[in-house]
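J.: Just passing along the structure, written as structure tokens.
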Amino acid sequence: MERTFIMIKPDGVQRGLIGEIISRFEKKGFSLKALKLVNVDRPFAEKHYADLSAKPFFNGLVEYIISGPVVAMVWEGKGVVATGRKIIGATNPLASEPGTIRGDFAIDIGRNVIHGSDSVESATKEIALWFPEGIVSWQSSLHSWIY
Ligand code: RTP
């Protein structure tokens, strides 16, 4: 079953959006496989965003991610990577459709509330980076009729 890495960024945590965000993924039918509230340090944030290290906004992005605790999660389900990105909405919240998380709760691209893996390959890498301790194994009883 496909998995994705989802992170509620510091602004999402500070604004009290954790429950709202978890609820949207749960109601869609995806299963929460791992969750932790963590402060990340600069080297870790730089590693997570290594692919963007040449971008002009890279330093600001790292400062933002280390500015407060984030919620790191693994969600599982059919098509969860692509559908998770749809639930999140476009990177620039002003371009995100209403009904998406960014469309409903954000304005600024530099404070866009949430991250979601952009491919199955990235998800595998990000889950290994954020959850080196491994994740608890459980099977939602809903799977038998959802999937
Ligand atoms: P994410 O990785 O956070 O899910 O975002 P994304 O795939 O939608 O967008 P990406 O291009 O990977 O950018 C990562 C994060 O960098 C910040 N950003 N700032 N022009 C800017 O100032 C700018 N562009 C991107 C955003 O926080 C974006 O989510």
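If you count the sequence shown from 1, position 27 lands on 27 in the UniProt record's numbering, and the numbers rise without skipping.
Glycine included, each C-beta is placed from N, C-alpha and C at the ideal position.
Apart from the five residues just before and just after THR91, which ones in its own chain have a Cβ nearer than 7 Å to its Cβ?
T.: For THR91, where only same-chain residues beyond five positions count, the Cβ hits under 7 Å are ILE109, ASN112.
J.: Can you give the beta carbon distance from VAL62 to VAL38, rounded, assuming they're within the 8 Å contact cut?
T.: Rounded, the Cβ-Cβ distance is 15 Å, inconsistent with contact.
J.: Does the contact criterion of 3 or more C-beta pairs under 8 Å hold for the region 15 to 30 versus the region 44 to 52?
T.: Contact fails: fewer than three Cβ-Cβ distances are below 8 Å.
J.: With respect to 6 Å, is the separation between the Cβ of PHE57 and the closest non-hydrogen atom of the ligand RTP below this value?
T.: Result yes, Cβ under 6 Å from the ligand RTP.
J.: Alpha helix (DSSP H) containing GLU133: first to last residue?
T.: Neither: GLU133 is in no alpha helix (DSSP H) and is coded neither H nor E.
J.: In three-state terms, what does DSSP make of THR83?
T.: THR83: helix per DSSP, three-state reduction.
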